Structure formats: structure tokens, C-alpha cells
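Colleague: Sharing a structure with you now.
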Amino acid sequence: MSQYVLEVKDLKKYFPIRSGVFKRTIGHVRAVDGVSFDVKPGETLGIVGESGCGKSTTGRMIMRLTTPTDGKILIDGKDITHAKGAALRESRRHAQMVFQDPYASLNPKMSVGESIAEPLVVNKVLSRDDAFERAAQLLDTVGLRRTDITRFPHEFSGGQRQRIGIARALALNPKLIVADEAVSALDVSIQSQILNLLMDLKHEFNLAYLFISHNLAVVRHISDRVGVMYLGHMVENGPKSSLYADPLHPYTQALLSAAPEPRRVKRRERIILQGDVPSPANPPTGCPFHTRCPRAMDVCRSQMPKPVMVHPEHWVACHLHG
Amino acid sequence: MAEPLLAIRDLKTYFVSKHAEVRAVDGIDIDVQKGQIVCIVGESGCGKSMTSLSIMRLVPKPRGKIVNGEILFDGKDLLKLSDREMADMRGSEISMIFQEPMTALNPVLTIGTQISEILIRHRGMNKRQALDKAVEMLKFVGVPRANEIIHEFPHQLSGGLRQRVMIAMAMICEPKLLIADEPTTALDVTIQAQVLELMKKMRDETGTAIIMITHDLGVVADMADHVVVMYAGQVVESVDADTVFEQPKHPYTRALMDSIPSLEEDKDVLYSIPGTVPSAANFPKGCRFAERCPLAQPSCFEKAPELREVAPGHLVRCDLVS
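Protein chains in written order, with my numbering: chain F, 93 to 414; chain S, -12 to 309.
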């Protein structure tokens, strides 16, 4: 038993850009460029960032749906960075994933029972009959009816399908669930149902979540700790109370001030960033954020800032601190 | 109060097929004053987008049909105009921007051609004049390199830039009314903040009224002068924006507010509205929200409530509110 259910060390993923007749590699998209963090058992780490910051690629590497270019991933103390076959299947018993689009992530030709029972049968955990019995229990756990087991995905609404996806992820009693934008496609009233379900399940089964989302309010609600990503780097990581009360990185500050809060009281001055995120195929030198940073200094253009611990367990990679 | 710029009266837009009659918009009244920003909020399927398409007379044919009502714009009933007269209105007096700019822009025409087309059609300019005006407008909405971008195609631009181009196109004839259907839903928060800021600036400088369709109460708090909450094809609450956030009256509006996680405070458990929206093909005979309403009385299931004025300028469709 390891102290951490998930450890990620200096993880990188470069996608080659190929061009020309011979498809020679002419460059790389640095989707994830040296990210490190860890998750304790029963803890929820939220990862926020805008499109293209590498948050989904990070989640997919942890599930080994894509192979890291460099770095290390340890699940429950075991290095699975290059695991294959049986070892990889074993790692997926400990870590499961819930996807954004419950329409696309369930096989339309399989009944709900078959979808949920499949991981149990594939991993030879239970016999087919027992697996279906367990599937019925799981449907109950996620707030659906046991009798729904014979129905097909198209018979359910979006929120119900997301519940099925969660039931399937729970089937193998994982320690970690990677949830990639798991509530983003849902309407607010359904979103709150699913968030409450995820939090109930966490307490019931002592689950750890890696909760990836672009929605800062949702992440604040569900997470214990939050990591902020920008252009393939994690720029800040800290306990939620500390990070939301005292965001240290100028990007985190801008992100928090830009997110509209559903209240009419006047808030602190909004920081509006200029321009777009640079292309990860051609990232800027020095700090990745300096091209849009309202407080950029000369050193930011040439040197990559190192992470500095500012508050307990709350670190930031920014030249303004340190 | 002055004569409203736009007055929708008892509008009904149905989708009729052999088997069913889907009442997407079922008798709504909305007023928009000159220069006002009215936000229409609601979840998927509440009829908010169909309302905007009805104003533009762009309801998908042949199934969709406006079966009843008046849409008075500057005193003229848009539903009585000929197709030709309506075409003169679109883009000139009333224009619209959509959620996904990539599907709304023509992929095979340059940006310059698409913007100047409108001026040539509505303002009788020649190509040269129209292109000059297009560049001027693009600069106004904050598009960098406007001189070059008019020769580029939509796929060469980022999402935020495309949405700026859409706004430039919509605003180039200085319409009296702009309809924006989820204009920032596909954008990242920092880009969303830029676009919302731009829309407010547009309104302040040209006096254009804006109808903004959104499901995001954060955007509403940021933008709205007046808010219309829709549920199951009907208006359930209509009031100025301060009141809707401080003293929402309809149980649905209140439930929505309680369902969203906050950026600034911790909520232990989110309120979640049980169940799902009733099918538009088969509405219950009583209140359409009764089944999900925490306050519902037996009488709510019997008699459909009318939209009533419970305080000056505050309309609520609920018999329990006094």
C-alpha cells in the first residue's frame, strides 16, 4: 500500500507533426510538457485549464489510453508508464475513467448490464452470472433501477447515461477515478445530481478522483486540491481553500476573475487577458504565460520559473514568487 | 414606459408530425426595450433557441411552424412580412450570432467576402467600399491584422477570433436588435470574458438591443438588464436582473440558483432538481414544473398556472407565489 494512489512525475507527451511525401517529423506539439503531481487515497484533485492546456491528455496518459513520451506514472505505487498486457489490465483495476460524452462512451448495441458487467468478465473477477448480479447492485448504487439492466443506452437521458458510465467505472472497485469533463455536457439541474452522486460515492468507497474540468466553480465544489494547467505545464497547485482565496499565479488570478459568478454584487476588478493561447507546437520561450501575462518581466521571457512552495502544500511556478 | 422595440405576443411554435405535436414554444410574451440586454435562460429543450429562430423566421421547415402569435418589431408584425421583406430585415435591422461560429461561417469564402456581402446586399455599397468598411469593423471588434484577415478563411482563425468576426458581421449594419444564441458557450473563460466585454461595448456605443440566449447564470449576472426564465416552452419568470438574483420567486428559478456550485463560497451539498423536463409532445395538464417542484400542492397538478404580475414588473407563473 502506497502513500499515494497516483503519482505523476515530470510527465510529457509530444505529438509529432509530420509533413511532406515521406511524412518526416518536422516538429512536435508539446501537449503536456513536464507535469508532476500526486493524489492521496480518498482525495479529489481537480485539474483546471482552458482548451489545449493538456489536461485531457494528462488524464488519458494516466489511463494509458495514450503512451507518455517521457516521465513516470505510478498507480498505487506501481510504475505503469510502460506496462503492457496483464500488468496494464491490473493497473486499470485500480484506476477507471468516466468520460465527458455519455452518448459516445457507451456501446449502443450492448445492454446496460452487458456494459457494466464487461470489465468484471474481462478481468475474470466474477463469472458472467455473478457479474450481472453485481451490475444490478451498481445500478442501484448510482440511483437507477435494477430492472434497467436489460435496457439499452438510447433509452436513457444524458444524466442517466452518465450514471451508467459511473456504474461501469465503479465495477472493479477502483481506488482512483479519472473524470474528464464528466458533467460538462449536462444541464445545471442534472449536473448537480451527478456532482452530488460523485461526492456520495467518494465517501462510500473512499475513492480518489482526478477531476478534469474547465469549470472553476464545479472544480471548487468537488475538489480537495486543485491544479491549474496552462500550455502543457502545471502552473499552480494547492489546497482548494488556499488556491481560491489567494490565487498566486497571474494566470489563475485571470481565470478566476474571468469566470462569471451567478451573483450581481460587484466583485473585484476583472482581469481580461489579451489575445489567445499560443500554439503548443511553437510554445514561447521562458514562462509559457509571459505572452499574455499582465505582469510579465524580462526574466519571464527567457527563463522557465521553478515551482516554489508559498503556503503549506500550495506551490506556484512564477517569477513573481521566489 | 416607451413602446418596446420588440414585443412578442402569445407566440407558439410547434413541430407537427403524423404522430405527435411537439410544442417547443407554447405561448410566450417577451418585451425588449431599445438598447436593453434581455437574457433568456433555461435548460436544453425549454424552447429558448426556438424563440430566437422564430423571431428571425428561421424555424426549420417543413415540420416547424409558428402557429400563433405576433412578433412586433418597431410596430411591424414580422410574421406578416413577405419573405422578401423579411430578408431585408435580417442582417440589417435584426441580426443573429450563433454558438458555433465555425458552422455559421461559410468555410469556402474569405472573411472579407462574407462581411462585405452584407453591405453590398443591404447598403448598396460597391465591393471596394464594402471591404474598407469590413476592415474598419474588424478593427473595431478587436481583430488583430484586420487587413490580412479579410483575405483569410474561417478555419485559419481561432474560436475567439471567429466569434469576433461573427459579431462584426452581425453589427456591421448597426441593427436595432442583435440575437445572440449561446455566443460564448463554446469558448474558454478568458476568451468568453473578452467577447462579453465586446458585446457590452457594442451596446453602449450603438444602442443596439440584445437578446441573449444562455444556460449559464454567470453570463446572465454579468450581462443582463432583464431576465426571462423559460421552462418547458413557457415563460415562468420575467423580471429585472437584480431582482432575479436577489429575490427569485418561481420555484424553478430558485432551484436553478441553488443547483450551481459557487466560485466564492463552499456549499456542502448542491440542491438538485429531481427528475427530468417533461416531453414537449405530452405536457401534463397542470403546472409543467409540478412533478419536480419541492413545493407542489395537489392543486398544482390540476390547474395550469397563468403568468401573473406579483410585484411591479415581476411576472411569475406559479399560483403558490404571492
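Ideal placement from N, C-alpha and C gives every residue a C-beta, glycine not left out. What you are looking at is a predicted structure, and each value in this text was computed from that prediction instead of being measured.
1) Between alanine 346 (chain F) and chain S, is the shortest Cβ-Cβ distance under 8 Å, so that the two count as touching?
2) With distances taken from CA atoms, which of S:Val264, S:Gly273, S:Arg10, S:Phe85 is nearest glycine 147 (chain S)?
3) Between which two residues does the beta strand (DSSP E) holding threonine 106 (chain F) run?
4) What are the boundary residues of the alpha helix (DSSP H) that proline 211 (chain F) is part of?
5) Please list the terminal residues of the continuous beta strand (DSSP E) segment that includes tyrosine 1 (chain S).
6) Tell me whether the beta-carbon of lysine 164 (chain F) lies closer than 8 Å to the beta-carbon of lysine 101 (chain F).
7) What do you get for methionine 155 (chain F), buried or exposed, if any count of 16 or more other CB atoms within 10 angstroms of its CB means buried?
8) Label lysine 234 (chain S) either buried or exposed according to how many other C-beta atoms from any shown protein chain fall within 10 Å of its C-beta, with 16 as the threshold for buried.
9) List, in order along the chain, the chain F residues whose C-beta lies closer than 8 Å to that of aspartate 229 (chain S)?
10) List the residues that DSSP assigns as beta-bridge partners of aspartate 338 (chain F).
11) Applying the criterion that 16 or more other CB atoms from any shown protein chain within 10 Å of the CB defines a buried residue, is valine 95 (chain S) buried or exposed?
12) If leucine 185 (chain S) and isoleucine 154 (chain S) are in contact, beta carbons under 8 Å, what's the gap, nearest whole angstrom?
13) Report the neighbours of isoleucine 364 (chain F) on chain S: residues whose CB is nearer than 7 Å to its CB, in chain order.
14) Taking the beta strand (DSSP E) that isoleucine 84 (chain S) belongs to, which residues open and close that run?
15) Look up arginine 77 (chain S) in the DSSP assignment and say whether it is helix, strand or coil.
16) Would you call glutamine 95 (chain F) buried or exposed, if buried means 16 or more other Cβ atoms sit within 10 Å of its Cβ?
17) Measure the CB-CB distance between leucine 180 (chain F) and isoleucine 167 (chain F) and report whether it falls below 8 Å.
18) Please report the Cβ distance between cysteine 410 (chain F) and proline 397 (chain F), rounded to the nearest whole angstrom; I am assuming they are in contact, meaning their Cβ atoms lie under 8 Å.
19) For a quick check, are the C-beta atoms of valine 152 (chain S) and valine 130 (chain S) less than 8 Å apart?
20) Measuring only between beta-carbons, confirm whether valine 280 (chain F) sits less than 8 Å from chain S.
21) Assuming isoleucine 204 (chain F) contacts isoleucine 241 (chain F) under a Cβ cut-off of 8 Å, what Cβ separation, rounded to an integer in Å, is found between them?
22) What did DSSP end up calling asparagine 288 (chain F) once you bin it into helix, strand or coil?
23) Is it a yes or a no for the stretch -1 to 16 of chain S touching the stretch 185 to 197 of chain S, going by three-plus beta-carbon pairs under 8 Å?
24) Can you check whether the C-beta of proline 416 (chain F) is within less than 8 Å of a C-beta belonging to chain S?
25) Report the residue from F:Glu296, F:Met401, F:Glu405 whose alpha carbon sits nearest the alpha carbon of glycine 134 (chain F).
26) Taking the alpha helix (DSSP H) that isoleucine 136 (chain S) belongs to, which residues open and close that run?
27) Alpha carbon to alpha carbon, how far is aspartate 306 (chain S) from leucine 66 (chain S)? Give it in angstroms, no decimals.
28) So, under 8 Å CB-CB, arginine 312 (chain F) and lysine 332 (chain F) are touching, yes? Tell me the CB distance rounded to an integer number of Å.
29) Considering glycine 32 (chain S), what are the terminal residues of the beta strand (DSSP E) in which it resides?
30) With a cut-off of 8 Å on the beta carbons, I'd call alanine 208 (chain S) and arginine 356 (chain F) a contact; round off their distance for me.
31) Answer yes or no: does any C-beta atom of chain S fall closer than 8 Å to that of serine 284 (chain F)?
32) First and last residue of the beta strand (DSSP E) that includes glycine 141 (chain F)?
33) Within 7 Å: the Cβ of alanine 74 (chain S) and any heavy atom of the ligand ZN?
34) How many angstroms separate the CA atom of glutamate 104 (chain S) from the CA atom of alanine 117 (chain S)?
35) Would you call the CB atoms of arginine 304 (chain S) and proline 285 (chain S) closer than 8 Å?
36) Listed in chain order, which residues of the stretch -10 to 1 of chain S have Cβ atoms closer than 9 Å to some Cβ of chain F?
Modeller: Well, looking at it:
1) Start at 1 with the first residue of the first sequence, and residue 346 (chain F) comes out as number 254. Yes - at least one Cβ of chain S is within 8 Å of the one on alanine 346 (chain F).
2) For the purposes of this step, residue 147 (chain S) is identified with residue 160 of the second sequence, where counting begins at 1. When only C-alpha atoms are compared, the closest one is S:Phe85.
3) Translated into positions along the first sequence, residue 106 (chain F) becomes position 14. Before going on, a small fix: residue 106 (chain F) reads as tyrosine here, not threonine. From DSSP, the beta strand (DSSP E) with tyrosine 106 (chain F) extends over 98 to 111.
4) Along the first sequence, one-based indexing puts residue 211 (chain F) at 119. Where proline 211 (chain F) is concerned, the enclosing alpha helix (DSSP H) stretches over 204 to 214.
5) Translated into positions along the second sequence, residue 1 (chain S) becomes position 14. Looking at the DSSP string, the run of the beta strand (DSSP E) that includes tyrosine 1 (chain S) is -7 to 3.
6) Against the first sequence, residue 164 (chain F) aligns to sequence position 72. Against the first sequence, residue 101 (chain F) aligns to sequence position 9. Their beta carbons are under 8 Å apart, which means lysine 164 (chain F) touches lysine 101 (chain F) by this criterion.
7) Stepping through the first sequence from its first residue, residue 155 (chain F) is reached at position 63. Under this definition methionine 155 (chain F) is a buried residue.
8) Residue numbering aside, residue 234 (chain S) sits at position 247 when the second sequence is read from its first letter. Per the sequence shown, the amino acid found at residue 234 (chain S) is glutamine instead of lysine. It counts as exposed.
9) Along the second sequence, read from residue 1 onward, the residue named residue 229 (chain S) stands at position 242. Under the 8 Å cutoff, chain F gives Arg356.
10) Translated into the one-based positions of the first sequence, residue 338 (chain F) becomes position 246. DSSP lists no beta-bridge partner residue for aspartate 338 (chain F).
11) Translated into positions along the second sequence, residue 95 (chain S) becomes position 108. Classification of valine 95 (chain S): exposed, given that the 10 Å Cβ count is below 16.
12) For the purposes of this step, residue 185 (chain S) is identified with residue 198 of the second sequence, where counting begins at 1. For the purposes of this step, residue 154 (chain S) is identified with residue 167 of the second sequence, where counting begins at 1. A Cβ-Cβ distance of about 6 Å is found for the pair leucine 185 (chain S) and isoleucine 154 (chain S), placing them in contact under the 8 Å criterion.
13) By 1-based counting over the first sequence, the position of residue 364 (chain F) is 272. The contacting residues are Ala180, Gln181, Glu184.
14) Within the second sequence, residue 84 (chain S) is the residue found at index 97, counting from 1. Its beta strand (DSSP E) spans residues 81 to 84.
15) Looking up residue 77 (chain S) in the second sequence gives position 90. Reduced to three states, the DSSP call for arginine 77 (chain S) is strand.
16) Counting from 1 along the first sequence, the entry for residue 95 (chain F) is found at position 3. So glutamine 95 (chain F) ends up on the exposed side.
17) Position 88 of the first sequence, counting from 1, holds the residue named residue 180 (chain F). Position 75 of the first sequence, counting from 1, holds the residue named residue 167 (chain F). No, Cβ-Cβ distance for leucine 180 (chain F) and isoleucine 167 (chain F) is not below 8 Å.
18) Residue numbering aside, residue 410 (chain F) sits at position 318 when the first sequence is read from its first letter. Residue numbering aside, residue 397 (chain F) sits at position 305 when the first sequence is read from its first letter. Contact flag correct, Cβ pair sits at about 5 Å.
19) Residue mapping note: residue 152 (chain S) aligns to position 165 of the second sequence, counting from 1. Residue mapping note: residue 130 (chain S) aligns to position 143 of the second sequence, counting from 1. Yes. Within cutoff.
20) The residue labelled residue 280 (chain F) in the question sits at position 188 within the first sequence. Taking Cβ atoms only, chain S reaches closer than 8 Å to valine 280 (chain F), which makes this a yes.
21) In the first sequence, counting from the first residue as 1, residue 204 (chain F) sits at position 112. In the first sequence, counting from the first residue as 1, residue 241 (chain F) sits at position 149. For the sequence presented, residue 204 (chain F) should be read as valine rather than isoleucine. Contact holds; Cβ gap of about 6 Å.
22) For the purposes of this step, residue 288 (chain F) is taken as residue 196 along the first sequence, with counting starting at 1. Helix, per DSSP.
23) no
24) Because chain F in this structure spans residues 93 to 414, residue 416 (chain F) falls outside the shown range and cannot be described.
25) Position 42 of the first sequence, counted from the first residue, corresponds to residue 134 (chain F). Looking at the Cα atoms, F:Glu296 is the closest of the given residues.
26) As a position in the second sequence, residue 136 (chain S) is number 149, starting the count at 1. Isoleucine 136 (chain S) -> alpha helix (DSSP H) spans 133 to 136.
27) Residue numbering aside, residue 66 (chain S) sits at position 79 when the second sequence is read from its first letter. Residue numbering aside, residue 306 (chain S) sits at position 319 when the second sequence is read from its first letter. Taking the straight line from one Cα to the other gives about 32 Å.
28) Counted from its first residue, the first sequence places residue 312 (chain F) at position 220. Counted from its first residue, the first sequence places residue 332 (chain F) at position 240. Their Cβ separation, rounded to whole angstroms, is 6 Å, which keeps arginine 312 (chain F) and lysine 332 (chain F) in contact under 8 Å.
29) Here the question's residue 32 (chain S) lines up with position 45 in the second sequence. Where glycine 32 (chain S) is concerned, there is no enclosing beta strand (DSSP E), because DSSP gives it neither an H nor an E.
30) What you label residue 208 (chain S) is simply residue 221 of the second sequence in a count that begins at 1. What you label residue 356 (chain F) is simply residue 264 of the first sequence in a count that begins at 1. Contact holds; Cβ gap of about 6 Å.
31) Position 192 of the first sequence, counted from the first residue, corresponds to residue 284 (chain F). Yes, serine 284 (chain F) counts as interfacial toward chain S.
32) As a first step, residue 141 (chain F) is located in the first sequence; it is residue number 49 there, counting from the start. Unbroken run through glycine 141 (chain F): none, as it is neither H nor E.
33) Of ligands this structure carries none, so the ligand ZN is not represented either.
34) Here residue 104 (chain S) is taken as the residue at index 117 of the second sequence, counted from 1. Here residue 117 (chain S) is taken as the residue at index 130 of the second sequence, counted from 1. Approximately 8 Å, taken between the alpha carbons.
35) Looking up residue 304 (chain S) in the second sequence gives position 317. Looking up residue 285 (chain S) in the second sequence gives position 298. Their beta carbons are not under 8 Å apart, which means arginine 304 (chain S) does not touch proline 285 (chain S) by this criterion.
36) Per Cβ criterion, the list is empty.
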